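**Student:**
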Amino acid sequence: MQMPFLADEMTRAKLCVLYLLKTVKVSLSLDCIIIGLEPLDWINQFMLMEALSDLKETRLIFESDLQGRKTYLISEKGEESLGHFINEIPLSMRQSLDEKRDSLRLRAKMESEYRTDYRKLEDGRFLTELTIMEEGRPIFHVEVELATSAQAHAVCKAWHETASKAYAAILSPITTPQK
Numbered sequence: 002m003q004m005p006f007l008a009d010e011m012t013r014a015k016l017c018v019l020y021l022l023k024t025v026k027v028s029l030s031l032d033c034i035i036i037g038l039e040p041l042d043w044i045n046q047f048m049l050m051e052a053l054s055d056l057k058e059t060r061l062i063f064e065s066d067l068q069g070r071k072t073y074l075i076s077e078k079g080e081e082s083l084g085h086f087i088n089e090i091p092l093s094m095r096q097s098l099d100e101k102r103d104s105l106r107l108r109a110k111m112e113s114e115y116r117t118d119y120r121k122l123e124d125g126r127f128l129t130e131l132t133i134m135e136e137g138r139p140i141f142h143v144e145v146e147l148a149t150s151a152q153a154h155a156v157c158k159a160w161h162e163t164a165s166k167a168y169a170a171i172l173s174p175i176t177t178p179q180k
C-alpha cells in the first residue's frame, strides 16, 4: 500500500508500530513486526529500526531479551500516546495491520514456546538445544550434537515448524500402554 508523501513519515511509522503492538497484545520479535508491517511498503528497514529506537528511547515501547531474541511490547505511555493520535493513521492502514493480527499472535506464541540455541563445543562440534516451553517452564528439552554450525542453524530453524510433531512422536510410544 503506497503512502502519499508526508512531511513526517517517521511519525506515522512510529504510530503504525504502536498500533501493531497494541492490537496484537503480545510482545513481538523484529521478524514479526516486519511481517506485520509488510502491507505498508513505504516503511523500509532503516525507517523501522529508527522508529523502534526512538520509541524505546521515549519509553513508548519496551524491548526485552528472551534467550538472545529481542521482543517489543507497547508501554502504558505508548498506549496513551497512540490513543491521542490514532486518527493520524488512515483507516485503510489500520485495516491492513488488523488483517495480520491473528497470524502474528500465533507466530509470536510459537516463537516464545519453541526455543532454540546452539554453541560451539571444545572439540569443534556444536551442541544444539531444542526446548518446548509451557506457562514459562520447559516441558520438553533435547540436546543434539552436530558437526557444523550450518547443521545446527538448520535444525534450530526447523524446530519452530516441527516441534509439536517431534514432541508427539517421542511422547506417544512411551505413554501408550503396552499390551
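Numbering (our numbering), first residue to last: 2 to 180.
Built from N, CA and C at the ideal position, the CB exists for glycine as well.
Here the structure is a predicted model, which is why all the values come from computation and not from measurement.
Taking the CB atoms as reference points, tell me whether ILE75 and LEU22 lie closer together than 8 angstroms.
**Tutor:** The answer is yes: Cβ separation under 8 angstroms.
**Student:** To the nearest angstrom, how far is the alpha carbon of GLU89 from that of ILE175?
**Tutor:** Their Cα atoms are separated by approximately 57 angstroms.
**Student:** LEU83 by DSSP, collapsed to three states: which one?
**Tutor:** DSSP places LEU83 in helix when its eight states are reduced to three.
**Student:** Provide the residue(s) that pair with ARG102 in DSSP beta bridges, ordered along the chain.
**Tutor:** Its beta-bridge partners do not exist; DSSP assigns none.
**Student:** By Cβ distance below 6 angstroms, which residues in the same chain neighbour GLN132 in space, the five residues on each side in sequence not counted?
**Tutor:** Sequence inspection shows Thr at residue 132; the Gln mentioned does not correspond to that position. ARG116, PRO139 and HIS142, listed in sequence order.
**Student:** Hey, would you say MET94 sits closer than 8 angstroms to HIS161, going by beta carbons?
**Tutor:** Their beta carbons are not under 8 angstroms apart, which means MET94 does not touch HIS161 by this criterion.
**Student:** With GLU162 as the anchor, note down where its alpha helix (DSSP H) starts and where it stops.
**Tutor:** Segment 150-176, the alpha helix (DSSP H) holding GLU162.
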